[in-house]
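S.K.: Our numbering numbers the first residue of the sequence shown as 31 and each following residue consecutively.
Questions regarding the structure given below will be posed in turn.
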Amino acid sequence: MTQPVLYKQSFLIAILAAVQAVVPAVVAVGTLYATITLFGHAFNSQAIVILAVLCLVLIQPPREVTTQLTTARLAAIGDVLFRWMLLLVVLLAIGYVTKSFAAYPRRIFLTWAVVTPVALAVVVLLMQEIMHRFLMGAFENRKAIFAGYNNSSLELARRLTSNPVMRLEVGGFFDDRSPDRLGMESDAKLIGTLSDLSAYVKEHGTDVIFIALPIRHVKRVMNLLDDLRDTTASIYYVPDIFVFDLIQARSGEIHGIPVVAMCETPFYGYRGVTKRLTDIALSVVILLLFLPVLLVVALMVKVSSPGPVIFKQRRYGLDGREIAVYKFRTMTVTEDGLQIRQASKTDSRITRIGGILRRTSMDELPQLINVLQGRMSLVGPRPHAVAHNEEYRKLIKGYMMRHKVLPGITGLAQVNGCRGETSQLEEMEARVNYDLDYLRRWTPMLDIKIILLTAVKVFRDDKAY
31 MTQPVLYKQS FLIAILAAVQ AVVPAVVAVG TLYATITLFG HAFNSQAIVI LAVLCLVLIQ
91 PPREVTTQLT TARLAAIGDV LFRWMLLLVV LLAIGYVTKS FAAYPRRIFL TWAVVTPVAL
151 AVVVLLMQEI MHRFLMGAFE NRKAIFAGYN NSSLELARRL TSNPVMRLEV GGFFDDRSPD
211 RLGMESDAKL IGTLSDLSAY VKEHGTDVIF IALPIRHVKR VMNLLDDLRD TTASIYYVPD
271 IFVFDLIQAR SGEIHGIPVV AMCETPFYGY RGVTKRLTDI ALSVVILLLF LPVLLVVALM
331 VKVSSPGPVI FKQRRYGLDG REIAVYKFRT MTVTEDGLQI RQASKTDSRI TRIGGILRRT
391 SMDELPQLIN VLQGRMSLVG PRPHAVAHNE EYRKLIKGYM MRHKVLPGIT GLAQVNGCRG
451 ETSQLEEMEA RVNYDLDYLR RWTPMLDIKI ILLTAVKVFR DDKAY
């Protein structure tokens with residue numbers, strides 16, 4: 031959607047975007063051909079076709095040119111590496127089923143798997159630089175103005191001004207209120223009132239107009255559109271999103287009707303598939319690695335005190351539906367009623383073995399079964415007991431929004447020190463704020479970061495008891 035705002039020669043943009051879409055496949059096929067040739071093996075055309083198709087599907091740059099150009103280099107490399115790992119997983123699965131790669135020794139595959147992402151990262155950064163230089167030199171800046179002054183229009187104007195890639199010169203703002211009443215910032219310029227806007231556009235050859243009037247002022251927006259019908263300017267409506275606490279906000283359409291998602295799960299489309307595949311793959315690996323440990327722990331729990339080895343407790347999962355969460359039993363009781371007392375540092379209910387398990391978080395390992403069942407994820411908001419949910423949902427605004435995603439074994443709140451007993455309401459509020467922040471800014475790299483931080487903090491967390 032952004033490209034028509036910025037560039038008139040969209041055909042050239044389409045050509046460049048098409049080249050960028052094809053380049054990863056060319057690089058991956060080229061490095062595979064070079065590796066096979068280097069090791070003296072014959073070329074398998076079937077394997078090449080499979081690889082090329084997967085590259086075109088899985089290793090794609092952002093759809094909008096402006097997104098590609100404004101992405102930080104480190105973030106771009108991280109995105110390439112993540113997509114490459116996903117491609118390898120899919121490729122191995124296809125190769126296992128079709129036997130397409132059976133003719134090649136492991137050293138060929140390993141060499142290619144290590145060399146190719148380096149080449150891809152270099153090529154992606156090079157293409158970014160080429161497109162940046164081309165776009166910066168090929169097109170003239172376009173002139174933009176804003177009808178309405180508010181937080182959203184000011185923030186958008188600042189981002190356009192501070193980023194030369196956007197190729198827009200912001201002339202200023204039109205609003206019926208005075209600068210004093212608006213509380214106008216020093217870097218903003220009030221050109222005139224809304225009634226002056228149409229004449230200004232015709233006189234100064236404005237290219238783009240952003241209408242940032244409140245939704246309740248529909249009549250004024252309609253009047254503006256009528257006044258601007260005899261101009262050639264592109265017109266866009268900018269809702270004042272800062273009025274709302276948005277989670278994964280995005281625009282789209284349903285059967286041709288424009289809609290704006292204001293609170294939604296981040297795991298839609300390929301994101302959800304990526305998240306689920308990662309959960310399954312890592313859970314299986316961890317379970318296999320820790321299987322001897324799980325058996326030893328189960329035996330220790332069984333002989334240390336009377337009661338079941340696995341403790342099941344009702345908690346809220348995706349969309350607030352009840353699920354049964356598994357843990358190694360660490361207490362002499364198995365509470366799951368309307369009233370549940372949180373564990374404290376000197377809790378007499380915790381067994382000797384249970385204390386060790388809780389401090390090292392090993393009591394959480396059975397939840398890997400929950401992950402494989404699809405009831406939980408490796409990373410997400412920690413699930414609370416039903417009794418605690420019913421208590422805090424009445425006290426904390428937005429509490430239930432954390433259930434827009436699967437609950438996790440670990441989460442952003444836990445690696446930031448929000449775990450253990452929540453004796454004060456403020457402690458639970460802090461935990462919920464981290465959970466909602468996770469929903470707002472989720473990326474695959476954030477999940478990986480949280481998993482690594484969890485591994486580091488396991489033996490260093492004084493709140494685990």
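For each residue, glycine too, the CB sits at the ideal point set by N, CA and C.
CB-CB under 6 Å to ARG461, same chain, minus the five flanking residues each way: which ones, in chain order?
M.R.: ALA443 and CYS448
S.K.: Reducing DSSP to helix, strand and coil, say where ILE426 ends up.
M.R.: Note: ILE426 maps to coil in three-state DSSP.
S.K.: I'd like the list of long-range same chain contacts for VAL119, defined as Cβ closer than 8 Å, with 5 residues on each side in sequence excluded.
M.R.: LEU307 and ALA311
S.K.: Per the contact definition of three or more C-beta pairs closer than 8 Å, is the stretch 426–446 in contact with the stretch 400–407?
M.R.: At 8 Å Cβ cutoff, the stretches touch.
S.K.: Taking all protein chains shown into account, do 16 or more other C-beta atoms lie within 10 angstroms of the C-beta of GLN278, making it buried, or fewer, making it exposed?
M.R.: When all chains shown are included, GLN278 counts as buried.
S.K.: May I ask you to verify whether the stretch 79–88 touches the stretch 153–162, counting CB pairs closer than 8 Å and requiring at least 3?
M.R.: No: the two stretches stay apart, fewer than three of their Cβ pairs being nearer than 8 Å.
S.K.: Select from PRO296, TRP142, TYR298 and LEU255 the residue whose C-alpha is nearest the C-alpha of LEU68.
M.R.: TRP142
S.K.: Going by the CB atoms, is the gap between ILE480 and THR440 shorter than 8 Å?
M.R.: yes
S.K.: Would HIS414 be called buried (16 or more neighbouring beta carbons within 10 Å of its own) or exposed?
M.R.: buried
S.K.: Within the continuous beta strand (DSSP E) that includes ARG345, where are the two ends?
M.R.: 340–346
S.K.: Would you report the Cα separation of THR381 and PRO338, rounded to the nearest angstrom?
M.R.: 13 Å
S.K.: On the criterion of 16 or more Cβ atoms from any shown chain inside 10 Å, does VAL57 qualify as buried, or is it exposed?
M.R.: buried
S.K.: By the 10 Å Cβ neighbour count, where 16 or more other Cβ atoms means buried, how is PRO135 classified, buried or exposed?
M.R.: exposed
S.K.: Suppose the cutoff is 7 Å on Cβ atoms and the five residues either side in sequence are ignored; what does the same chain contact list for TYR356 look like?
M.R.: Closer than 7 Å at Cβ, skipping near neighbours: ILE340, LYS342, PRO396, GLN397, ILE399 and ASN400.
S.K.: Going by beta carbon distance, what residues of the same chain come within less than 6 Å of ALA47, once the five residues before and after it are set aside?
M.R.: Non-local beta-carbon contacts of ALA47 in its own chain, meaning distances under 6 Å to residues more than five positions away in sequence, are absent.
S.K.: Tell me, which residues are paired with ARG172 by DSSP?
M.R.: LEU198
S.K.: So ILE138 and HIS71 are in contact, right, with Cβ under 8 Å, and what is the actual spacing, rounded?
M.R.: 7 Å
S.K.: Could you check the C-alpha separation between PRO411 and ASP270 for me, to the nearest Å?
M.R.: 29 Å
S.K.: Assuming MET361 and ARG379 are in contact, meaning their beta carbons sit under 8 Å apart, how far apart are those beta carbons, in whole angstroms?
M.R.: About 4 Å separates the beta carbons of MET361 and ARG379, which is inside the 8 Å limit, making them a contact pair.
S.K.: Just to confirm, is the Cβ distance from ILE239 to LEU220 under 8 Å?
M.R.: no
S.K.: Pick out whichever of ALA229, HIS247 and ALA149 has its Cα sitting closest to the Cα of VAL21.
M.R.: Because the chain in this structure spans residues 31 to 495, residue 21 falls outside the shown range and cannot be described.
S.K.: What is the DSSP secondary structure of TYR468, reduced to helix, strand or coil?
M.R.: Helix, per DSSP.
S.K.: Along the alpha helix (DSSP H) that carries TYR300, what are the first and last residues, could you check?
M.R.: 300–334
S.K.: My output table needs one value for THR261: the three-state DSSP class, helix, strand or coil.
M.R.: coil
S.K.: Could you give the DSSP three-state label for CYS85: helix, strand or coil?
M.R.: helix
S.K.: May I ask you to report which of helix, strand or coil DSSP gives LEU156?
M.R.: helix
S.K.: Out of MET196, HIS418 and VAL152, state which residue places its alpha-carbon closest to the alpha-carbon of GLY350.
M.R.: HIS418
S.K.: Just mark GLY213 as buried or exposed, buried being the case when its beta carbon has 16 or more other beta carbons within 10 Å.
M.R.: exposed
S.K.: Going by C-alpha distance, which of VAL445, GLU456 and LEU455 is nearest ASP477?
M.R.: VAL445
S.K.: What would DSSP say about VAL59, mapped onto helix, strand or coil?
M.R.: helix
S.K.: Is ALA187 closer than 8 Å to ALA218 when the C-beta atoms are compared?
M.R.: yes
S.K.: Report buried or exposed for THR236, applying the criterion of at least 16 other Cβ atoms within 10 angstroms of its Cβ.
M.R.: buried
S.K.: Quick check on the burial criterion: 16 or more other C-beta atoms within 10 angstroms. Buried or exposed for MET196?
M.R.: buried
S.K.: Look at LEU62 and ILE78 and say whether their C-beta atoms are less than 8 Å apart.
M.R.: yes
S.K.: Select from ALA177, VAL145 and PRO474 the residue whose C-alpha is nearest the C-alpha of VAL268.
M.R.: ALA177
S.K.: For GLU456, which option in VAL314, TYR429 and ASN193 has the closest C-alpha, if you only look at C-alpha atoms?
M.R.: TYR429
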